[in-house]
Each structure stands twice: as structure tokens, then as C-alpha cells.
Amino acid sequence: MRYTRYNYKKTKKNSGLAKTILSFLAMSVFVVIVGIMLANIIIHFLPLNDASETQANSEAVNQSENIDNSEAENAADNSEDVQASSAVDNSTEGQENVQGSINTSFMAIQCGYFANEDNAKEAYNKIANGYGAFIYNESDKFKVLAGVYTTAEGQSIMDTLTSSGIDCAKVSFDLNSNDKVQSQIAGIYNGYLNILDTAFKDNVKSVYTSDFKSWVKELDVISEGDKNDVLTELKNHVNDMAAEIKKEDVANEMQYLYKILLSFS
38 MRYTRYNYKK TKKNSGLAKT ILSFLAMSVF VVIVGIMLAN IIIHFLPLND
88 ASETQANSEA VNQSENIDNS EAENAADNSE DVQASSAVDN STEGQENVQG
138 SINTSFMAIQ CGYFANEDNA KEAYNKIANG YGAFIYNESD KFKVLAGVYT
188 TAEGQSIMDT LTSSGIDCAK VSFDLNSNDK VQSQIAGIYN GYLNILDTAF
238 KDNVKSVYTS DFKSWVKELD VISEGDKNDV LTELKNHVND MAAEIKKEDV
288 ANEMQYLYKI LLSFS
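The sequence shown: position 165 = 202 (the working numbering), numbered continuously.
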């Protein structure tokens, strides 16, 4: 009797091969699907990220430009403030002069009083180079003066002279700020002293007087009042001033101003 043999192993091998093929196909389909999904994600999201970054960069640039523009505008505003402040100061100064709030206190610095002119010259030579010094002849006596100044400036000069071993004394002159004649004299006197002080500086060759002369000419005409003759004479002297004042002119001009102050002693 014959038996039909079944090759068990061979049949099992064929079944495993079929499963392997099916698994490979399933895996391939899965990989394709996943690949398509990843491609869609890349296509949709990467451009959005680029656009977002570009927008952020643009906003940063705009913000930087805005800051720069703001700083430039602030700098321009500061420059305008400085100019406006200067204009306000000038306006305030002019207003104070009109109202009479000007310096009316002056002083002469006397460094000796001599009967002998040679002794006066010796004292004068000690201060001639550093100040608007001069010798004033009064009743055959000789006064040596280191100039005339506002009280504030004169005190500083006196301190310098004293520290240098030079004996000196203050001679004060106070004008009445409530009197329109004396107030105007004081205003002119302050401007005059400012010119002489500037001319005497080391780095100044000369000072032009045209603006000062024009200013004095435009002042109110006062035809009466105490010391009106002194005011008139002072205005005439200013009108006849040279076009420019040099260092060598300071001493003579100081002597003239001292004579004006003597009218109030």
C-alpha cells in the first residue's frame, strides 16, 4: 500500500514567503503615505516660518530706524532749546536794563597818594602792566590808581593786588538807581567798562565801538534833572570815541571815567 507524502516543510515555506511579500507591500504603502504627509507639512510650514522671520527682521529694522529718527529729533530739539534759551537771556537782560535793575555801584582802586611825582611814578610802575592804571593829578598831588571797576570786579582785583604785596584802598561811588539821570549814566558806564575790560585782555587786539555808540545814541533824551550835565557830557564823549579801543588806550579812558565818578563823590 502506498502513502501519499505531504511535504510539510515545503508547504510552510511557501506560506511564509507570501506573508513577507504582503508585509513589504504594506510597509511600502505606509512609507509612501508618511512621505506624502511629511512633504505637505514641509511645504505648508516652512514658508510660513520664513515669512515670520522676515517680518520680524523688518519690524526690528523699522524699530531701529524709529529710534534713530527719535534721537535725531531730540538732538535737534536740544539745539533749538539752547538757541531759545540764549534769546530769552538776552531779552531778560534788556528788560532788566529798561526797568533800572542795573549795577550802580562802582569803585576806584587807589594805590598811593603822593606829593612827589617821582614817587607816584615808582608806585605806578608796579601796577602799570597788569591793570588799567593811571596817575591822576589833583591839586598838585598825585594819586596812583589801578583803574575803576564795578564793585564786584574791583574787589577781586584788590585781593590780587594785596596778595602781591601792593597796598591799596577802595574808593566807592554809588549812583541812585531810582533817579532816571543817574540810572542812565550807570548803564552807559557799565557798557564803557565792559569795552575797556575786553580791550585789556591778552588775546584781544582791539574792540570796535560802533555798536556801543549806536546804543548810547538811541537812549532817551533827558533834558533836566540833577547831574544832567554829566550825562550830556558823557554821551558826547561816547559819540566822539574812536572807532576802536586798543590796550594802549585803556589807561586814558579809565582816567576819564574816574573823573565822571568824582562828580558823585
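All C-beta atoms in this analysis are idealised placements derived from N, C-alpha and C, irrespective of residue type, glycine included.
8 Å CB neighbourhood of residue i in its chain, flanking five on each side removed
i	result
residue 221	256, 257, 259 and 268
residue 266	none
Which of helix, strand or coil DSSP assigns to residue i
i	result
residue 211	strand
residue 184	strand
residue 245	strand
residue 156	helix
residue 150	strand
Classification of residue i by the beta-carbon crowding that lies within 10 angstroms, buried from 16 upward
i	result
residue 246	buried
residue 202	exposed
residue 262	exposed
residue 123	Reliability fails at residue 123, whose pLDDT of 28 lies under 50, so the model's placement of it is uncertain and the value that follows must be treated cautiously. Exposed, since its Cβ has fewer than 16 Cβ neighbours within 10 Å.
residue 73	exposed
residue 293	exposed
Cβ shell of residue i (< 6 Å), same chain only, five flanking positions each side left out
i	result
residue 197	none
residue 274	none
Neighbourhood of residue i by C-beta, 7 Å cutoff - its chain only, sequence neighbours within 5 removed
i	result
residue 135	At residue 135 the pLDDT is 40, less than 50, meaning the model places this residue with poor confidence and gives no usable figure here.
residue 107	Low confidence applies here, because residue 107 scores a pLDDT of 44, under 50, leaving its location unreliable and the question unanswered by this model.
Cβ pair residue i, residue j closer than 8 Å
i	j	result
residue 296	residue 237	no
residue 282	residue 224	no
residue 301	residue 151	no
residue 254	residue 227	no
residue 147	residue 180	yes
residue 291	residue 208	no
residue 278	residue 242	no
residue 233	residue 287	yes
Any non-hydrogen atom of the ligand ADP within 7 Å of residue i CB
i	result
residue 249	As presented, the structure is devoid of all ligands, the ligand ADP included, so that no description of it is given.
Problem set entry | Three or more C-beta pairs below 8 Å linking the region 162-175 and the region 183-196 | Judged by Cβ distances under 8 Å, the region 162-175 makes contact with the region 183-196, as three or more pairs qualify.
Problem set entry | Validate contact between the region 150-162 and the region 213-230 using beta carbons, cut 8 Å, 3 pairs | Contact fails: fewer than three Cβ-Cβ distances are below 8 Å.
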